[in-house]
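Colleague: First the structure, then my questions, so here it is.
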Amino acid sequence: MKKIGSVVTAAALAGMLVLTGCGKQDANSSANGKSETSDLKTQESPKSGPITINPKIEDKEILGKGPYGEKAVSAKTLKLTEAEIAKIKKGNYKAAIVMHYTGNDYSTAQIRALKATFKRMGVKVIAVTDAQFKAEKQVSDIETVLAKKPDIIVSVPVDRVSTAGAFKKAADAGVKVVFVDGVANDLKPGKDYVSVVSGDNSGNGAAAAEVMGEKLGGKGKIGVIYHDADFFVTKQRSDEFEKTIKEKYPKIKIVARAGISGPNDGEKVASGMLTKYRDLDGLFVIWDVPAEGALAAARTAGKDNLVVTTTDLGTNVGLEIASGGIVKGLGAQLPYDQGVTEAMLAGYAMIGKKAPTYVAAPAVKVTKDNVLESWRLVYGADAPDVIKDAAK
Numbered sequence: 000m001k002k003i004g005s006v007v008t009a010a011a012l013a014g015m016l017v018l019t020g021c022g023k024q025d026a027n028s029s030a031n032g033k034s035e036t037s038d039l040k041t042q043e044s045p046k047s048g049p050i051t052i053n054p055k056i057e058d059k060e061i062l063g064k065g066p067y068g069e070k071a072v073s074a075k076t077l078k079l080t081e082a083e084i085a086k087i088k089k090g091n092y093k094a095a096i097v098m099h100y101t102g103n104d105y106s107t108a109q110i111r112a113l114k115a116t117f118k119r120m121g122v123k124v125i126a127v128t129d130a131q132f133k134a135e136k137q138v139s140d141i142e143t144v145l146a147k148k149p150d151i152i153v154s155v156p157v158d159r160v161s162t163a164g165a166f167k168k169a170a171d172a173g174v175k176v177v178f179v180d181g182v183a184n185d186l187k188p189g190k191d192y193v194s195v196v197s198g199d200n201s202g203n204g205a206a207a208a209e210v211m212g213e214k215l216g217g218k219g220k221i222g223v224i225y226h227d228a229d230f231f232v233t234k235q236r237s238d239e240f241e242k243t244i245k246e247k248y249p250k251i252k253i254v255a256r257a258g259i260s261g262p263n264d265g266e267k268v269a270s271g272m273l274t275k276y277r278d279l280d281g282l283f284v285i286w287d288v289p290a291e292g293a294l295a296a297a298r299t300a301g302k303d304n305l306v307v308t309t310t311d312l313g314t315n316v317g318l319e320i321a322s323g324g325i326v327k328g329l330g331a332q333l334p335y336d337q338g339v340t341e342a343m344l345a346g347y348a349m350i351g352k353k354a355p356t357y358v359a360a361p362a363v364k365v366t367k368d369n370v371l372e373s374w375r376l377v378y379g380a381d382a383p384d385v386i387k388d389a390a391k
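Just so you know, we're using our numbering here: the sequence shown kicks off at 0 and counts up by one.
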């Protein structure tokens with residue numbers, strides 16, 4: 000598996016920024032920039048007992064590996080006991096949440112989970128910052144929060160190279176750093192940072208392939224729209240999608256492949272592919288925002304029978320799945336429970352409990368049959384009414 004290169008083109012970086020933190024861009028947010036999930040009734044965090052991720056999450060094998068090729072430890076295996084929580088509370092610790100971006104469903108769920116879990120642990124959240132996808136702003140944000148003397152920083156690095164010095168400064172100052180979906184350049188696990196938390200990106204790709212195989216009845220011609228950047232998160236998704244198709248569905252042939260550099264390229268790339276390969280039965284698109292563009296291209300081309308699968312459960316693709324549209328299913332991350340996991344790992348560090356250096360939450364296979372249940376697992380909140388209505 001390749002690691003992120005030390006230099007990327009501006010176009011590739013633009014694509015990375017949207018994906019760092021697994022994510023979706025603000026296409027899934029309301030017009031005022033507020034995530035749609037933020038107004039929904041959310042699950043209650045337990046006020047007593049041990050801290051774990053949601054026990055309803057299926058215990059699956061984690062297929063993906065970490066940024067240094069580490070074998071993942073499942074978030075299902077982590078726990079803070081009541082005695083450990085009490086010990087953390089005695090420390091009166093402070094935490095800062097240094098985000099790459101806060102205007103999407105993914106980030107909203109993570110921040111909500113981090114705040115709720117830190118509250119259970121008696122950890123005070125002293126700052127939540129939004130780098131707006133700008134590396135230089137994230138460096139400034141880190142400098143600002145360091146002046147507040149946090150014990151913990153949880154962060155999605157905007158760019159692993161440009162932010163490395165700031166994160167190293169935090170680590171050298173004794174701050175326990177927990178990364179999300181990526182690592183700043185040259186920082187060492189167990190020394191400069193506690194752990195990296197991610198979704199099972201390979202598992203997400205495999206889930207998308209399984210939906211494709213099932214909906215096509217195990218045969219047909221498909222295209223793959225991948226992320227044309229040296230970014231391990233998206234590479235794992237597309238690699239595992241293709242591997243699963245070839246191994247489990249040998250009568251499905253991948254006849255076309257094309258890359259996107261950013262989230263807004265989906266419609267253009269899909270349109271070109273559908274024009275050249277008019278007999279395509281299916282299309283895999285690397286994440287939900289470009290999949291929305293591919294959906295528009297399919298409708299323009301009159302391909303209403305096309306089977307589209309993707310990764311990441313956003314509002315628009317969720318609505319398409321719920322209504323039985325062209326997007327038939329996807330592999331989803333669990334941002335709420337990843338947030339719980341990040342806070343737990345920070346708690347591990349505060350009490351000297353050994354933490355695995357790469358932790359992943361299991362992938363969720365989302366189809367029309369389970370879209371409402373999946374939304375609640377993914378976001379720790381009920382689905383928007385528009386998706387509920389479409390699923391009836």
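All residues carry an ideal CB built from backbone N, CA and C; glycine is no exception. The structure displayed is predicted, hence computed values, not measured ones.
(1) Note down, one range per segment and in chain order, each beta strand (DSSP E) of at least 3 residues found wholly within the stretch 214–249.
(2) To the nearest angstrom, report how far apart residue 27 and residue 198 are at their CA atoms.
(3) Hey, would you say residue 196 sits closer than 8 Å to residue 308, going by beta carbons?
(4) I'd like the list of long-range same chain contacts for residue 357, defined as Cβ closer than 6 Å, with 5 residues on each side in sequence excluded.
(5) Starting from residue 141, trace the alpha helix (DSSP H) both ways and give me its first and last residue.
(6) Are the CB atoms of residue 329 and residue 201 nearer to each other than 8 Å?
(7) Using CA coordinates, which residue listed in 312, 151, 310, 325 is at the minimum distance from residue 302?
(8) State buried or exposed for residue 304, treating a residue as buried only when at least 16 other CB atoms are found within 10 Å of its CB.
(9) Check whether the stretch 128–148 touches the stretch 169–179, taking contact to mean three or more Cβ pairs, one atom from each stretch, closer than 8 Å.
(10) Could you check the C-alpha separation between residue 322 and residue 390 for me, to the nearest Å?
(11) Please determine if the stretch 71–84 and the stretch 346–357 are in contact, where contact requires at least 3 C-beta pairs separated by less than 8 Å.
(12) I'd like the list of long-range same chain contacts for residue 48, defined as Cβ closer than 8 Å, with 5 residues on each side in sequence excluded.
(13) Could you spell out the range, first to last residue, of the beta strand (DSSP E) harbouring residue 327?
(14) Identify every run of the beta strand (DSSP E) within the stretch 151–180, keeping only runs that are complete inside it and at least 3 residues long; order them along the chain.
(15) Near residue 287, which residues of its chain fall below 8 Å by C-beta distance, leaving aside the five closest residues on each side in sequence?
(16) Going by other Cβ atoms of all chains shown within 10 Å of its Cβ, with 16 needed for buried, is residue 190 buried or exposed?
(17) Relative to the C-alpha of residue 120, which candidate in 339, 162, 281 has its C-alpha closest?
(18) Check whether the stretch 279–297 and the stretch 259–268 are in contact - that is, three or more C-beta pairs closer than 8 Å.
(19) Kindly indicate the opening and closing residues of the alpha helix (DSSP H) around residue 87.
(20) If you count every other CB in all the chains shown that lies within 10 Å of the CB of residue 334, and 16 or more means buried, which is it?
(21) Per the DSSP calculation, residue 392 is bridged to which residue(s)?
(22) Give every residue of the same chain whose Cβ lies closer than 8 Å to the Cβ of residue 274, excluding the five residues on either side of it in the sequence, and list them in chain order.
(23) If you drop the 5 nearest sequence neighbours on each side, which residues of the same chain put their C-beta closer than 6 Å to that of residue 256?
(24) Whose C-alpha, out of 361, 384, 241, is nearest the C-alpha of residue 73?
(25) Taking all protein chains shown into account, do 16 or more other C-beta atoms lie within 10 angstroms of the C-beta of residue 102, making it buried, or fewer, making it exposed?
(26) Please name the residue in 60, 253, 238, 133 whose C-alpha comes closest to that of residue 220.
(27) Going along the chain, which residues of its own chain have a beta-carbon closer than 8 Å to the beta-carbon of residue 138, five neighbours each way excluded?
(28) Buried or exposed for residue 58, please, with buried defined as at least 16 other CB atoms from any protein chain shown within 10 angstroms of its CB.
(29) In the DSSP assignment, what residue or residues form a beta bridge with residue 284?
(30) If you draw a straight line from the C-alpha of residue 85 to the C-alpha of residue 168, how long is it?
(31) Give the straight-line distance between the Cα atoms of residue 180 and residue 135, rounded to the nearest whole angstrom.
(32) If you measure between the beta carbons of residue 208 and residue 244, is that distance less than 8 Å?
(33) Residue 379 by DSSP, collapsed to three states: which one?
(34) What ranges does the beta strand (DSSP E) occupy inside the stretch 329–373, keeping only unbroken runs of at least 3 residues that lie completely in it?
(35) Pick helix, strand or coil for residue 277, following the three-state DSSP scheme.
(36) Just the C-alpha distance for residue 341 and residue 352, rounded to the nearest angstrom, thanks.
Modeller: Let me lay it out:
(1) 219–226
(2) Your numbering for residue 27 matches position 28 in the sequence shown. Your numbering for residue 198 matches position 199 in the sequence shown. Bear in mind that a pLDDT of 33 at residue 27, under 50, signals an unreliable position, so the number given afterwards is only what the model happens to contain. Taking the straight line from one Cα to the other gives about 19 Å.
(3) Counted from its first residue, the sequence shown places residue 196 at position 197. Counted from its first residue, the sequence shown places residue 308 at position 309. Result no, Cβ atoms of residue 196 and residue 308 do not sit closer than 8 Å.
(4) Along the sequence shown, read from residue 1 onward, the residue named residue 357 stands at position 358. Counting only Cβ-Cβ distances below 6 Å, and skipping sequence neighbours, we find 65, 69, 71, 195.
(5) Looking up residue 141 in the sequence shown gives position 142. Looking at the DSSP string, the run of the alpha helix (DSSP H) that includes residue 141 is 134–145.
(6) Numbered from 1 along the sequence shown, position 330 holds the residue referred to as residue 329. Numbered from 1 along the sequence shown, position 202 holds the residue referred to as residue 201. For residue 329 and residue 201, no; Cβs fall outside 8 Å.
(7) Here residue 302 refers to the residue found at position 303 when the sequence shown is read from its first residue. The shortest C-alpha separation from residue 302 is found at 325.
(8) Counting from 1 along the sequence shown, the entry for residue 304 is found at position 305. The residue is exposed, with fewer than 16 neighbouring Cβ atoms inside 10 Å.
(9) yes
(10) Residue numbering aside, residue 322 sits at position 323 when the sequence shown is read from its first letter. Residue numbering aside, residue 390 sits at position 391 when the sequence shown is read from its first letter. Approximately 6 Å, taken between the alpha carbons.
(11) yes
(12) Indexing the sequence shown from 1 puts residue 48 at position 49. Here the set comprises 81.
(13) Here residue 327 refers to the residue found at position 328 of the sequence shown. Per DSSP, residue 327 belongs to the beta strand (DSSP E) from 326–331.
(14) 151–154, 175–179
(15) Here residue 287 is taken as the residue at index 288 of the sequence shown, counted from 1. Excluding sequence neighbours, residue 287 sits near 23, 27, 309, 310, 311, 312, 313, 315, 316, 329.
(16) Here the question's residue 190 lines up with position 191 in the sequence shown. Flag for residue 190 reads exposed.
(17) Along the sequence shown, read from residue 1 onward, the residue named residue 120 stands at position 121. It is 339.
(18) yes
(19) Along the sequence shown, one-based indexing puts residue 87 at 88. Looking at the DSSP string, the run of the alpha helix (DSSP H) that includes residue 87 is 81–88.
(20) Position 335 of the sequence shown, counted from the start, is the residue given in the question as residue 334. Residue 334 is buried by the Cβ-count criterion.
(21) Nothing in the structure corresponds to residue 392, since the chain is present only between 0 and 391.
(22) Counted from its first residue, the sequence shown places residue 274 at position 275. The residues are 300.
(23) As a first step, residue 256 must be located in the sequence shown, where it is residue number 257. Cβ neighbours of residue 256 beyond the five flanking positions: 223.
(24) The residue given as residue 73 occupies position 74 in the sequence shown. Among 361, 384, 241, the Cα nearest to that of residue 73 belongs to 361.
(25) Translated into positions along the sequence shown, residue 102 becomes position 103. Residue 102 is buried by the Cβ-count criterion.
(26) Counted from its first residue, the sequence shown places residue 220 at position 221. Of the listed residues, the one whose Cα sits closest to residue 220 is 253.
(27) Against the sequence shown, residue 138 aligns to sequence position 139. 161, 162, 164, 165, listed in sequence order.
(28) Taking the sequence shown and counting its residues from 1, one reaches residue 58 at position 59. Exposed, because fewer than 16 other Cβ atoms sit within 10 Å of the Cβ of residue 58.
(29) Translated into positions along the sequence shown, residue 284 becomes position 285. BP columns for residue 284 point to 224.
(30) Here residue 85 is taken as the residue at index 86 of the sequence shown, counted from 1. Here residue 168 is taken as the residue at index 169 of the sequence shown, counted from 1. Distance between the alpha carbons of residue 85 and residue 168 is about 30 Å.
(31) Locating residue 180 in the sequence shown gives position 181, where the first residue counts as 1. Locating residue 135 in the sequence shown gives position 136, where the first residue counts as 1. For residue 180 and residue 135, the distance between alpha carbons rounds to 19 Å.
(32) Against the sequence shown, residue 208 aligns to sequence position 209. Against the sequence shown, residue 244 aligns to sequence position 245. Yes, the pair counts as a contact, with Cβ atoms nearer than the cut-off.
(33) For the purposes of this step, residue 379 is identified with residue 380 of the sequence shown, where counting begins at 1. Residue state, collapsed to three classes: coil.
(34) 357–360, 363–366
(35) On the sequence shown, residue 277 is found 278 positions in, with the first residue counted as 1. In this structure, residue 277 counts as coil in the three-state DSSP scheme.
(36) The residue given as residue 341 occupies position 342 in the sequence shown. The residue given as residue 352 occupies position 353 in the sequence shown. Each residue's alpha carbon lies about 14 Å from the other.
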